[in-house]
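Structure, as structure tokens:
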Amino acid sequence: MSNVIFLDVDGVLNSKFWDNDHQREISNGKYIDSEAVKLLGSLVKRTNAKIILHSGWRFWFDETMKPLRTEADFLANTMKEAGITIAGVTPDLTTEEIRKTRKFSLVKADEILLWLKDNPSANWVVLDDLELHNSEIEKHQVKTDAEVGLTTKDVEKAITILLGN
């Protein structure tokens, strides 16, 4: 069994604050804050955890985790530079209505729990800026602030959840 980080992207690896100062990068499909990715890299290294993408961004990768869009390619390359790879994705329980309204938070908890049922893991943490409406998930979630994205404090909290320190 291994340590697992369930990763959301928007509001974790980018933020409203970062978006405001990086409009040119965004127009080129570069929606990722490389400093947040470096923080994620330190979390992965310190916990020896694998990344499972539970973000809507998972639809931008094929089944072999090959990027299908410019944004996903940039994410994968930025993560690679930080020594991180995406090990997999959560199952898709979305409906047409959820995809249309972008209310992914309604099924994210169930997707994570289903993944865990199929892949028992010793310790796990969820990095997401959204309320996921599930008490079991809540105990394992580091809820990032979408205004600023992943912070050092968030990483320390995630380490405590994963390693019990």
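Be aware that the sequence shown starts at 262, since it is given in my numbering, and climbs by one per residue. Glycine residues also receive a C-beta, built at the ideal position from the N, C-alpha and C atoms. Bear in mind the structure is a predicted one, so any value in this text is a computation, not a measurement.
Here Val-298 carries a helix assignment [DSSP, helix/strand/coil].
Between the alpha carbons of Thr-412 and Thr-356 lies a gap of roughly 32 Å. Every alpha helix (DSSP H) of 4 residues or more that sits fully in the region 326-413 is shown, in chain order, as 331-342, 357-362, 366-379, 396-401.
Between Ala-419 and Lys-361, the alpha-carbon positions lie close to 31 Å from each other. Taking the Cα of Ala-333 as reference, the smallest distance to any Cα among Leu-424, Val-265, Glu-408, Asp-269 is reached at Asp-269. Annotation for Ile-359: Phe-365, Leu-367, Val-368 place their beta carbon closer than 7 Å to its own, counting only its chain and skipping 5 residues before and after.
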